[in-house]
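Sequential numbering from 19 applies to the sequence shown in this note's numbering. Every residue, glycine too, gets a C-beta built ideally from N, C-alpha and C. Single-structure report; data block below.
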Amino acid sequence: MGTTEDKRKRFELLMKQGEVPANLVEPYFLDGVIEQVETSRASKDWKITILKDSLVPSEIYRTFCLRIQEKMSHIAKIRFVFRYNGVHEAEIVQEYWGLFLEWAHREIPSVNGWMSRARHEVEDGQVLLSMSDGMSLELARKKGIDGAITRFFGQYFDLTLRVKMQVGDNGQAAYEEFEQKKREEEREVIEQLMSSLEAEMDSDDDDEEAIKLQVGYDIKDQPVPIQEIQDEEKKITIQGTIFGLDRKELRNGSTLFTFNLTDFSDSLQMKMFGKTKDDLKVLGLLENGKWVKARGRVEYDRFMQVPELVMIPSDLGEVSSPPSRKDNAAEKRVEFHLHTTMSTMDAVTPIDRYIKTAAAWGHKAIAVSDHGGVQCYPEAAKNAKKNGIKMMYGIEANVVNDA
Numbered sequence: 019m020g021t022t023e024d025k026r027k028r029f030e031l032l033m034k035q036g037e038v039p040a041n042l043v044e045p046y047f048l049d050g051v052i053e054q055v056e057t058s059r060a061s062k063d064w065k066i067t068i069l070k071d072s073l074v075p076s077e078i079y080r081t082f083c084l085r086i087q088e089k090m091s092h093i094a095k096i097r098f099v100f101r102y103n104g105v106h107e108a109e110i111v112q113e114y115w116g117l118f119l120e121w122a123h124r125e126i127p128s129v130n131g132w133m134s135r136a137r138h139e140v141e142d143g144q145v146l147l148s149m150s151d152g153m154s155l156e157l158a159r160k161k162g163i164d165g166a167i168t169r170f171f172g173q174y175f176d177l178t179l180r181v182k183m184q185v186g187d188n189g190q191a192a193y194e195e196f197e198q199k200k201r202e203e204e205r206e207v208i209e210q211l212m213s214s215l216e217a218e219m220d221s222d223d224d225d226e227e228a229i230k231l232q233v234g235y236d237i238k239d240q241p242v243p244i245q246e247i248q249d250e251e252k253k254i255t256i257q258g259t260i261f262g263l264d265r266k267e268l269r270n271g272s273t274l275f276t277f278n279l280t281d282f283s284d285s286l287q288m289k290m291f292g293k294t295k296d297d298l299k300v301l302g303l304l305e306n307g308k309w310v311k312a313r314g315r316v317e318y319d320r321f322m323q324v325p326e327l328v329m330i331p332s333d334l335g336e337v338s339s340p341p342s343r344k345d346n347a348a349e350k351r352v353e354f355h356l357h358t359t360m361s362t363m364d365a366v367t368p369i370d371r372y373i374k375t376a377a378a379w380g381h382k383a384i385a386v387s388d389h390g391g392v393q394c395y396p397e398a399a400k401n402a403k404k405n406g407i408k409m410m411y412g413i414e415a416n417v418v419n420d421a
């Protein structure tokens, strides 16, 4: 690329083009040079390797990169690699560990809480990552955190690191204590549930109209937006509408009810068990579209291939749904583009709810256009007839120019 002087001039020109402020250049970048530039004509991706002798603080590093990337975005997508002469690997990892956590949170789902509690040390090119407990270690392995660390510091700082993950010295004892407390809380919940069931059994069994969707105690707590739940919680209250309801008979005679709850900020999977006839009567009132308030423990379900957060409600009750929307237009429209659960990964609303809503809004017809194939849809025909609305069957087709 030329002499050191040429490399320095190129670096100064880059900072000038990127409008990097002088109050950043003088204290932090006077010793920097552009060592190498790799470009791709096809993708307009540039990799610029910068060589320095002194470590740049992480916030200054972030400002520098974002400033130049923004100013030159019309020319190329730039990735910077900072190589430091004479700076120990441990210093580099320590300085930019916070940026790694931010990057990991964007790139890898559900790492915010337990990963931020991990401790790290660097010695002889190895990062020793100490997790707070055994479950965090298991999650870190499943999420490939070791590979993420080597990838981040390799891509952005040209470091070749090895990673070893373990439970910290005090972590295992704390984990066992946590498990013991959790078992005690579960026993308390079961005792409360059994007391509630016994009270219901003493009441008039013939009074079917008295049955309502209520498990455990009335919930007076204010619900928390579901999007704020990023980690395990001992007890938290949420509220939302049910979708994806499913029930499964287990070998031990119990019935597992699984469903998702959404308040439209995010959604969370719920699990409840029905062990007696009275349980099944109450939980049988769960249905898609119904609004409920739930309170209970949020934990990672380790039976999943990749553990995800689920709630095990100890208390749950039906609540009033928000006021429904109305179509007050003088001339009603007709929806011609609609995806149902027949479009995999594209919709969660069943066709009967679409039809009921369209009928309630005074629409005379509705069209379904699931992608990839025309459906034989008895459920659509049945509900359209029931609600006095015309059903139109369509398709969202994939068109290929093979001429």
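May I ask you to report which of helix, strand or coil DSSP gives residue i?
| i | result |
| --- | --- |
| Met-288 | strand |
| Tyr-114 | helix |
| Phe-321 | coil |
| Val-99 | strand |
| Arg-137 | strand |
| Val-47 | According to the sequence shown, residue 47 is Phe rather than Val. Looking at Phe-47 - three-state DSSP - the assignment turns out to be coil, as it is neither helix nor strand. |
| Tyr-340 | Checking the sequence shown, residue 340 turns out to be Pro, not Tyr. Coil, per DSSP. |
| Tyr-235 | coil |
| Ala-122 | helix |
| Thr-255 | strand |
| Leu-147 | strand |
| Phe-170 | helix |
| Glu-414 | strand |
| Gly-152 | helix |
| Pro-39 | coil |
| Ile-208 | helix |
| Met-183 | strand |
| Gln-248 | coil |
| Gly-165 | helix |
| Asp-24 | helix |
| Leu-157 | helix |
| Lys-65 | strand |
| Thr-57 | strand |
| Met-90 | coil |
| Ile-330 | strand |
| Ile-260 | strand |
| Ile-229 | coil |
| Ile-78 | helix |
How close, in whole Å, do the beta carbons of residue i and residue j come, if the pair is a contact with beta carbons under 8 Å?
| i | j | result |
| --- | --- | --- |
| Phe-98 | Ile-66 | 6 Å |
| Glu-37 | Arg-85 | 7 Å |
| Arg-315 | Glu-251 | 7 Å |
| Gly-143 | Thr-168 | Actually they do not touch by this definition, with Cβ atoms about 11 Å apart. |
| Ile-407 | Ala-383 | 6 Å |
| Ser-283 | Ile-330 | Ser-283 to Ile-330, Cβ: 21 Å. No contact. |
| Leu-155 | Met-133 | With 8 Å as the limit, Leu-155 and Met-133 do not qualify as a contact, their Cβ atoms being about 11 Å apart. |
Please return the same chain residues whose Cβ sits closer than 6 Å to the Cβ of residue i, not counting the five positions on each side in sequence.
| i | result |
| --- | --- |
| Asp-370 | Asn-401 |
| Gln-287 | Asn-278 and Val-328 |
| Trp-276 | The amino acid at residue 276 is misidentified as Trp; the sequence shows Thr. Hits under 6 Å: Asp-264 and Lys-289. |
| Arg-135 | Ser-150 |
| Phe-354 | Ala-385 |
| Val-111 | Val-140 |
| Asp-100 | Correcting the residue type first, residue 100 is Phe in the shown sequence and not Asp. Only Ile-68 and Phe-175 meet the Cβ criterion. |
| Gln-87 | Ile-96 |
Would you check whether the ligand SAM has a heavy atom nearer than 7 Å to the C-beta of residue i?
| i | result |
| --- | --- |
| Thr-178 | This structure lacks the ligand SAM, and indeed carries no ligand of any kind. |
Between which residues of its own chain and residue i is the CB-CB distance below 8 Å, once the five residues before and five after are set aside?
| i | result |
| --- | --- |
| Gly-380 | Asp-345 and Lys-350 |
| Ala-94 | Thr-57, Lys-62, Asp-63 and Trp-64 |
| Glu-141 | Ala-108 |
| Arg-180 | Gly-143, Gln-144, Val-145 and Thr-168 |
Excluding the 5 residues flanking residue i on each side, which residues of the same chain have their C-beta closer than 7 Å to its C-beta?
| i | result |
| --- | --- |
| Lys-25 | Met-19, Val-51, Ile-52 and Glu-53 |
| Ile-237 | Thr-255, Lys-311, Arg-313, Asp-333 and Gly-335 |
| Glu-139 | Leu-146 |
| Arg-137 | Ser-148 and Gly-186 |
| Leu-301 | Phe-275, Met-290 and Gly-292 |
| Asp-297 | none |
| Lys-161 | Ile-126 and Val-129 |
| Ser-72 | Asp-49 |
Original post:
Where are the alpha helix (DSSP H) runs, 4 residues long or more, that stay fully inside the stretch 263–311, in chain order?
Top reply: Given a length threshold of 4 residues, each whole run of the alpha helix (DSSP H) inside the stretch 263–311 is given here in chain order: 295–301.
Original post:
Any contact of the stretch 247–258 with the stretch 300–318, i.e. 3+ C-beta pairs under 8 Å?
Top reply: The stretch 247–258 makes contact with the stretch 300–318: 3 or more CB pairs, one atom from each, lie closer than 8 Å.
Subject >> Segment contact flag, the stretch 115–129 with the stretch 230–239, C-beta cutoff 8 Å, min 3 pairs >> reply: No, they do not touch.
Original post:
Can you find at least 3 beta carbon pairs, one from the stretch 172–181 and one from the stretch 330–342, that sit closer than 8 Å?
Top reply: With a cut-off of 8 Å, the stretch 330–342 and the stretch 172–181 do not count as touching, because too few Cβ pairs lie within range.
Original post:
Could you give the uninterrupted runs of the alpha helix (DSSP H) lying entirely in the stretch 350–403, keeping only those of 4 residues or more?
Top reply: Here the runs fully enclosed are 369–378.
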